[in-house]
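Enquirer:
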Amino acid sequence: MSEQVSVNDLLTVIITTSVTPSAPSTELLEAILESFDRHCPALLSCNVIVVFDGYDKIVPTARLKKGQVTPQQAENFASYKQNVKNLILGRYQRHGEGSTFTNTHAKAEYGSTRGDNEVSYTISQTCDKSVTFIEPSRRLGFGLAVRSALRATETPYVWVQQHDWALLSDLPIEPMLQIMKAHESDLEVPIKYICLAAVRMLSYATSMDVARFPALRNLTASLTGDFSTASYPDAKVPLTPMYFWHDKPHLASTAHYLSRVFPTRLAMFRGDFIEDKIGQRARAQMKEGEWNKWATWLYYPDGGKQLCLRHLQGRTRENATGQADRAAMWKQRNESRDVEKESSVVEMRITSFLSFTLLAIEPCFTTAQRLGTPSYEFLYTVNASLGERWPVGDYGQGSRVVIPITGGTFNGPRLSGTINNLGADWGLTDSKGVFFPDTRYNLRTHDGADIFIQTAGPTQPDGRTLLRGIFQTGHPDYEWLNYIVAIGVLQRPTGDHKGKYVLIDMWQVSLPCESQQGEEDCRARIWAHTADTSWNLASGIKLLEITVVHSYYLANSQESSPLWRRRIISTIPTSKLGAFYTVCRVYTIMVSQIVMNLSSLLFPSLLQGSHVFSETGVDFATRCADFATSLQLPDTKVWFTQHVSPGTKITFPDNHETCRRPEQVVDVELCRIAMSVATSPISNISFEAWLPSNWTGRFLSTGNGGMSGCIQYEDIAYGVGLGFATVGANNGLNGTSALPMFHHPEVVEDYAYRSVHTGVVVGKQVTKQFYGQDHTKSYYLGCSTGGRQGFKEAQDFPEDFDGIVAGAPAFAFGGLMSRSASFWAIDGPPGSPSYLSLDDWDMVHNDVLTQCDRLDGVEDGVIEDPNLCQYRPESLICAEGQTEKCLTAHQAEAVRRIFSPLFGSDGNFIYPRLQPGGTHGFHYVVNDNPFPYSTEWLRYVIYENADWDPSTTNTKDYEAMIEKNPYNVQTWKGDLSGIRDRGAKILHYHGLQDGMISSEISQIYYDYVSRTMGLGSTELDKFYRLFRISGCGHCAWGDGASHIGSKLINIGGLDPESNLLLAIVRWVEEGIPPETIMGYRYVDGEREKGVDYKRRHCRYPYRNVWDRASDPKDPDSWSCQL
0 MSEQVSVNDL LTVIITTSVT PSAPSTELLE AILESFDRHC PALLSCNVIV
50 VFDGYDKIVP TARLKKGQVT PQQAENFASY KQNVKNLILG RYQRHGEGST
100 FTNTHAKAEY GSTRGDNEVS YTISQTCDKS VTFIEPSRRL GFGLAVRSAL
150 RATETPYVWV QQHDWALLSD LPIEPMLQIM KAHESDLEVP IKYICLAAVR
200 MLSYATSMDV ARFPALRNLT ASLTGDFSTA SYPDAKVPLT PMYFWHDKPH
250 LASTAHYLSR VFPTRLAMFR GDFIEDKIGQ RARAQMKEGE WNKWATWLYY
300 PDGGKQLCLR HLQGRTRENA TGQADRAAMW KQRNESRDVE KESSVVEMRI
350 TSFLSFTLLA IEPCFTTAQR LGTPSYEFLY TVNASLGERW PVGDYGQGSR
400 VVIPITGGTF NGPRLSGTIN NLGADWGLTD SKGVFFPDTR YNLRTHDGAD
450 IFIQTAGPTQ PDGRTLLRGI FQTGHPDYEW LNYIVAIGVL QRPTGDHKGK
500 YVLIDMWQVS LPCESQQGEE DCRARIWAHT ADTSWNLASG IKLLEITVVH
550 SYYLANSQES SPLWRRRIIS TIPTSKLGAF YTVCRVYTIM VSQIVMNLSS
600 LLFPSLLQGS HVFSETGVDF ATRCADFATS LQLPDTKVWF TQHVSPGTKI
650 TFPDNHETCR RPEQVVDVEL CRIAMSVATS PISNISFEAW LPSNWTGRFL
700 STGNGGMSGC IQYEDIAYGV GLGFATVGAN NGLNGTSALP MFHHPEVVED
750 YAYRSVHTGV VVGKQVTKQF YGQDHTKSYY LGCSTGGRQG FKEAQDFPED
800 FDGIVAGAPA FAFGGLMSRS ASFWAIDGPP GSPSYLSLDD WDMVHNDVLT
850 QCDRLDGVED GVIEDPNLCQ YRPESLICAE GQTEKCLTAH QAEAVRRIFS
900 PLFGSDGNFI YPRLQPGGTH GFHYVVNDNP FPYSTEWLRY VIYENADWDP
950 STTNTKDYEA MIEKNPYNVQ TWKGDLSGIR DRGAKILHYH GLQDGMISSE
1000 ISQIYYDYVS RTMGLGSTEL DKFYRLFRIS GCGHCAWGDG ASHIGSKLIN
1050 IGGLDPESNL LLAIVRWVEE GIPPETIMGY RYVDGEREKG VDYKRRHCRY
1100 PYRNVWDRAS DPKDPDSWSC QL
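Each residue of the sequence shown is one higher than the one before, counting from 0 in numbering that gives the first Met the number 0.
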């Protein structure tokens, strides 16, 4: 039997594909099959299963990640599937076999057994089963698509292939399979999964993903090497352990895949990616010493320096017709933009309030530029990721190094897109030690145009580099780049980020006006003058006088500012402009002083949302670029600044993978500042400030979540989008594990309180230096750990904020960790008498609703007030002879204990019950493993013993956490007089479906503050209000009217009645406290389908009561009653 037949007996190729912009073209799959043919022909001899992942609905605007496609994309996808079938049959069908297919039907189940949680699909197979097509009726998502294919697989191994990753290097598939067979039962060195290296996985064995963890580092050192088998003695297959389960092309054991990744229907939900759902959990277990049960490896040729995969950008890549259509569209837009640009130069130069009030004298500041000095137009900002540098050596005139440019993005007003993994910097350090980059790489615009760029220039003493840029492209919409002079400024990050990426701002140099005729043409374009009307110095003075009045009119009208500017300037003939400039010089200082003095008195609304820069003529992008060197603060190091245009997708290539925040789209222009701030001689925080050009004068700090060392970029984007100067920090650690706290009390101190407080102090200084003035009001927004951080600030640093929004606070921290740890002690591991599976817990939840949902009079899946629910799990105890859909007595006792308060060995209260109906996040807390947060807190902080066993958890552990209370992380002070006395406000909210932090702890704390301060609710409500949000899970989402503006993903309305952040602003600045918070519920929980209903949520101790007569979806049918 030939080797390839042997491969065919062992291996099935699984290809997943879905709706792509390039459809109906098959160019993506053609590129993949071509890479198979070039680098691993055996993959073309195996049986193949192709899964055509479908879509959910047809909409006007596509959202492919949500399963939403346009009518044209739906039509293209139908054609695409047929084209793919023809392609696959042509490459994989056995010679001499016909194209007869057998059809069967199956279902992909997911999640709980409640509801319609299944997707039907059709399986079409050739008679010899060499080719199989799976076509689901709806969208599955990558995870369920792979599982459906695995169930149709008859070979012991599979090659899993996404539709936009191509091979770049030869793959020894035959010896790989034999090695996997040989190690199939090896308990010490199991090999059940082998992934190929993409850019970010190069040199993986020595990367920070491994090196920071001693256990992983030691395991890598012991296992990395060349593997071989007797079948292929001369073939050496280099492998290194990998501590993640990636979706990128990989080889895996079929049985291992099904048992480890898909053990139950709850393992994967519709739309999930495996690496998102399973990868993080797998890595967490591997760091705990359980790598063997996952047995994941990385193919590691050339010591990890050889790139094996190339990403084809399937999500954005279009076919030739689509590229041509988009090119035509952007050409038209660019031409329109050029016309608009010529008519609004002034608008682009000054964006503040003074752009109106000093309109008439603006030419005074720019005459020299227009007549003799070139000007600059911002092109784009580049964020380029870099590979490992390769020294070439010293050749007598300097030392050269090659730095691969592996990817990235660029964003600007006229062009944006991605950087291809196709280029490098061949930089030279000369004999004087000055580094001269010499780059050549390729840009691909969002509309499919390829642009070659070459840059070079000297590095300056401050570390930045000046660049000259040359572009080459054949695309008609961008050929103007071939004829421009471009300059750039390159910034490099420092610290841990050094050498991983660079930021570059690029500008186009524009000619000044030349001859007299050219000058008049230029001025005509700029000022759009249309008539030679009578004008003199007196007219100029009068013009200056009416400018302020027109400024106020414009700020309060719908008339466009460029139109009004043209009306003003059109009264000035060219022959009189010289005299007008003279008037400008006389009145410039006088008018600006008058405006600055009177604006706050006459037109206060003008200053909201439009900060006045003190340096006239300095545009926002330039100020941002210069700020990296001008910002000087003690104990800080600026990594970089980045000017961000509206609509930009910011990527975070260095964000820890467990943070799961690879990118964030922002809707406003901002300056992003990334820096490190020392909190002690041996500790620091990573800190970012996002400063918008439309600053309202307000400052906002954000919090964190869990044990997290993750900046919550989505919260920063939320704040900056509403005009706040917004900051966030990483709690003094990276990633979601408490391991960095092990034997590092300074990191524990950062986590307990110091990170947020330091970020506030530094953030306010950064804001002041950037804008040139103090903030007007300061605010805080956070939930979970972020909620605890907000109350820590209120208790210990009340001067930091004027208003605090704190949700689902993790205060009574030792009690919360005890409660979370107790679930494992109560429920037990699989196989224990009290253990409940996730399906069992779903059954319990349904029974909770059966007993308590109708207490409020409305059966809607939401318990309006869980305080009224006293759940009895005994109703589920199995009858005699019953074995399914019921509980044993041991299980019912476990449920009862979880829905009961937790007490210590001496009978002292530790933490309240999980409130009935609390499902959101519950499966993360109660599952087949101990809760990681409480386990790591006990191991690394309380006991400082990495070998502590969570299976021994008991009341002594609970008491140890409460007693040790490092840096008063408990956050349980009842005296909020510091907030009251300075006139600050607190909005506290908690979802009543929260399955991670009991909502009852918030009620207990409110009552504790009331007793401590001796204040009833009437007095307490003057500065502190608690809102209980029915149908809301942990911080957001849920089955009820849970959208209350607590987070970017949880926006309902954009008014103070229905948005917590805007409510705190109105309370602080206008003295109007929120009586209720209006929540939104969307149809099927999807915003795109519109509002299902709204409901006002009451402040504690009031509760929501239905009138039992009106439509319960009418918010007026509910009232707040004691």
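The beta carbon of each residue, even a glycine, is placed where N, CA and C say it ideally should be.
Hey, could you find the ends of the beta strand (DSSP E) Pro213 is sitting in?
Expert: Counting from one through the sequence shown, the residue named residue 213 turns up at place 214. Where Pro213 is concerned, there is no enclosing beta strand (DSSP E), although the alpha helix (DSSP H) it sits in stretches over Pro213 to Leu222.
Enquirer: Output the distance between the C-alpha atoms of Leu427 and Arg439, rounded to the nearest integer angstrom.
Expert: What you label residue 427 is simply residue 428 of the sequence shown in a count that begins at 1. What you label residue 439 is simply residue 440 of the sequence shown in a count that begins at 1. Taking the straight line joining both Cα atoms gives about 14 Å.
Enquirer: For the beta strand (DSSP E) holding Pro931, just list the boundary residues, first then last.
Expert: Translated into positions along the sequence shown, residue 931 becomes position 932. Run containing Pro931: none in the beta strand (DSSP E); it sits in the alpha helix (DSSP H), Pro931 to Glu935.
Enquirer: Where Gln768 and Gly303 are concerned, what is the direct C-alpha to C-alpha distance, given to the nearest angstrom?
Expert: Residue 768 sits at position 769 when you count from the first residue of the sequence shown. Residue 303 sits at position 304 when you count from the first residue of the sequence shown. Their backbone Cα atoms lie some 45 Å apart in a straight line.
Enquirer: Label Ile1142 either buried or exposed according to how many other C-beta atoms from any shown protein chain fall within 10 Å of its C-beta, with 16 as the threshold for buried.
Expert: As shown, the chain starts at 0 and ends at 1121. That puts residue 1142 outside it, with no answer to give.
Enquirer: Please identify the residue among Asn291, Tyr256 and Glu287 whose C-alpha is closest to the C-alpha of Glu274.
Expert: Taking the sequence shown and counting its residues from 1, one reaches residue 274 at position 275. Here the closest residue by C-alpha is Tyr256.
Enquirer: Of the residues Gly720, Arg138, Phe451 and Asn733, which one's Cα is nearest the Cα of Thr16?
Expert: Here residue 16 is taken as the residue at index 17 of the sequence shown, counted from 1. The shortest C-alpha separation from Thr16 is found at Arg138.
Enquirer: Mind checking Lys156: buried by the 16 CB within 10 Å criterion, or exposed?
Expert: Here residue 156 corresponds to residue number 157 of the sequence shown, with the count starting at 1. Rather than Lys, the amino acid found at residue 156 in this sequence is Tyr. Its Cβ being crowded by 16 or more others within 10 Å, Tyr156 is buried.
Enquirer: Does DSSP classify His655 as helix, strand or coil?
Expert: Here residue 655 is taken as the residue at index 656 of the sequence shown, counted from 1. Three-state result, His655: coil.
Enquirer: Please list, in chain order, all residues of the same chain as Phe686 whose beta carbon is under 6 Å from its beta carbon, the five residues on each side excluded.
Expert: For the purposes of this step, residue 686 is taken as residue 687 along the sequence shown, with counting starting at 1. Same-chain partners within the cutoff: Met674, Val676, Ala728 and Gly758.
Enquirer: Bridge partners of Cys1097, per DSSP?
Expert: Looking up residue 1097 in the sequence shown gives position 1098. Answer is Thr1075, bridged to Cys1097.
Enquirer: What's the C-alpha gap between Trp425 and Pro492?
Expert: For this step, residue 425 is matched to residue 426 along the sequence shown. For this step, residue 492 is matched to residue 493 along the sequence shown. C-alpha separation (whole angstroms): 19 Å.
Enquirer: Nearest-angstrom Cα distance between Leu421 and Val381?
Expert: If you number the sequence shown from 1, residue 421 lands on position 422. If you number the sequence shown from 1, residue 381 lands on position 382. C-alpha separation (whole angstroms): 15 Å.
Enquirer: Could you say if the stretch 232-241 and the stretch 76-94 meet the contact criterion of at least three C-beta pairs nearer than 8 Å?
Expert: Result no; under three Cβ-Cβ pairs closer than 8 Å.
Enquirer: According to DSSP, which residues form a beta bridge with Gly487?
Expert: Indexing the sequence shown from 1 puts residue 487 at position 488. DSSP, once it has assigned bridges, lists Leu466 and Met505 as partnering Gly487.
Enquirer: Within a Cβ cutoff of 6 Å, which residues of the same chain sit near Ser904, ignoring the five residues on either side of it in sequence?
Expert: Start at 1 with the first residue of the sequence shown, and residue 904 comes out as number 905. Cβ neighbours of Ser904 beyond the five flanking positions: Thr954.
Enquirer: Please name the residue in Thr970, Gly498, Asn866 and Ser136 whose C-alpha comes closest to that of Ser998.
Expert: Looking up residue 998 in the sequence shown gives position 999. The shortest Cα separation from Ser998 among Thr970, Gly498, Asn866 and Ser136 belongs to Asn866.
Enquirer: Reducing DSSP to helix, strand and coil, say where Gln305 ends up.
Expert: Translated into the one-based positions of the sequence shown, residue 305 becomes position 306. Of the three classes helix, strand and coil, the one that applies to Gln305 here is coil, per DSSP.
Enquirer: Should Ile672 go down as buried or exposed, given a rule of 16 or more other Cβ atoms within 10 Å for buried?
Expert: Here residue 672 refers to the residue found at position 673 when the sequence shown is read from its first residue. By the 10 Å Cβ count, Ile672 comes out buried.
Enquirer: So, using beta-carbon positions, are Arg1024 and His987 closer together than 8 Å?
Expert: Taking the first residue of the sequence shown as position 1, residue 1024 is located at position 1025. Taking the first residue of the sequence shown as position 1, residue 987 is located at position 988. Cβ atoms of Arg1024 and His987: closer than 8 Å.
Enquirer: For the alpha helix (DSSP H) that Val209 lies in, which residues bound it at each end?
Expert: For the purposes of this step, residue 209 is taken as residue 210 along the sequence shown, with counting starting at 1. Residues Met207 to Ala210.
Enquirer: Taking the alpha carbon of Pro174 as the point to measure from, which residue in Gln711, Lys128, Thr228 and Pro652 has its own alpha carbon closest?
Expert: Start at 1 with the first residue of the sequence shown, and residue 174 comes out as number 175. Among Gln711, Lys128, Thr228 and Pro652, the Cα nearest to that of Pro174 is on Thr228.
Enquirer: Taking all protein chains shown into account, do 16 or more other C-beta atoms lie within 10 angstroms of the C-beta of Leu502, making it buried, or fewer, making it exposed?
Expert: Translated into positions along the sequence shown, residue 502 becomes position 503. Counting Cβ neighbours within 10 Å, Leu502 comes out buried, since at least 16 surround it.
Enquirer: Excluding the five sequence neighbours on either side, which residues of its own chain have a C-beta within less than 8 Å of the C-beta of Phe1022, listed in chain order?
Expert: For the purposes of this step, residue 1022 is taken as residue 1023 along the sequence shown, with counting starting at 1. Excluding sequence neighbours, Phe1022 sits near Leu975, Ile978, Arg979, Gly982, Ala983, Lys984 and Ile985.
Enquirer: When DSSP labels each residue in this structure, what does Lys235 get in the three-state scheme?
Expert: In the sequence shown, counting from the first residue as 1, residue 235 sits at position 236. Three-state result, Lys235: strand.
Enquirer: Across which residues does DSSP place Thr678 in a beta bridge pair?
Expert: To locate residue 678, count along the sequence shown from 1; it is residue 679. Answer is none; Thr678 lacks a bridge partner.
Enquirer: Can you give the Cα-Cα distance for Gly224 and Met241, rounded to whole angstroms?
Expert: Counted from its first residue, the sequence shown places residue 224 at position 225. Counted from its first residue, the sequence shown places residue 241 at position 242. For Gly224 and Met241, the distance between alpha carbons rounds to 13 Å.
Enquirer: Give me the Cα-Cα distance between Ser123 and Val49, rounded to the nearest whole angstrom.
Expert: Taking the first residue of the sequence shown as position 1, residue 123 is located at position 124. Taking the first residue of the sequence shown as position 1, residue 49 is located at position 50. Ser123 and Val49: Cα-Cα distance of roughly 10 Å.
Enquirer: Where does Trp158 fall in DSSP's three states?
Expert: To locate residue 158, count along the sequence shown from 1; it is residue 159. It is a strand residue.
Enquirer: I need the straight-line Cα distance from Gly411 to Asn419, nearest angstrom please.
Expert: The residue you call residue 411 lines up with position 412 of the sequence shown. The residue you call residue 419 lines up with position 420 of the sequence shown. Computed Cα separation, rounded: 17 Å.
Enquirer: Tell me whether Phe812 sits in a helix, a strand or coil according to DSSP, three-state version.
Expert: The count along the sequence shown starts at 1 and reaches residue 812 at position 813. Correct three-state label for Phe812: helix.
Enquirer: Report back the beta-carbon spacing between Arg895 and His774 to the nearest angstrom; my notes put them in contact at under 8 Å.
Expert: Sequence index remark: in the sequence shown, residue 895 carries index 896 (1-based). Sequence index remark: in the sequence shown, residue 774 carries index 775 (1-based). About 51 Å separates the two Cβ atoms, so there is no contact after all.
Enquirer: So is Pro403 buried or exposed if we call it buried at 16+ other beta carbons inside 10 Å?
Expert: Stepping through the sequence shown from its first residue, residue 403 is reached at position 404. Pro403 should be labelled buried.
Enquirer: With H, G and I counted as helix, E and B as strand and the rest as coil, what does DSSP make of Phe619?
Expert: In the sequence shown, residue 619 corresponds to position 620, counting from 1. It is helical.
Enquirer: Just the C-alpha distance for Phe822 and Val643, rounded to the nearest angstrom, thanks.
Expert: Within the sequence shown, the letter at position 823 stands for residue 822. Within the sequence shown, the letter at position 644 stands for residue 643. Their backbone Cα atoms lie some 45 Å apart in a straight line.
Enquirer: In the stretch 136-180, which residue ranges form an unbroken beta strand (DSSP E) of at least 3 residues, counting only runs that do not cross its ends?
Expert: Segments of the beta strand (DSSP E) lying fully in the stretch 136-180: 156-161 and 164-166.
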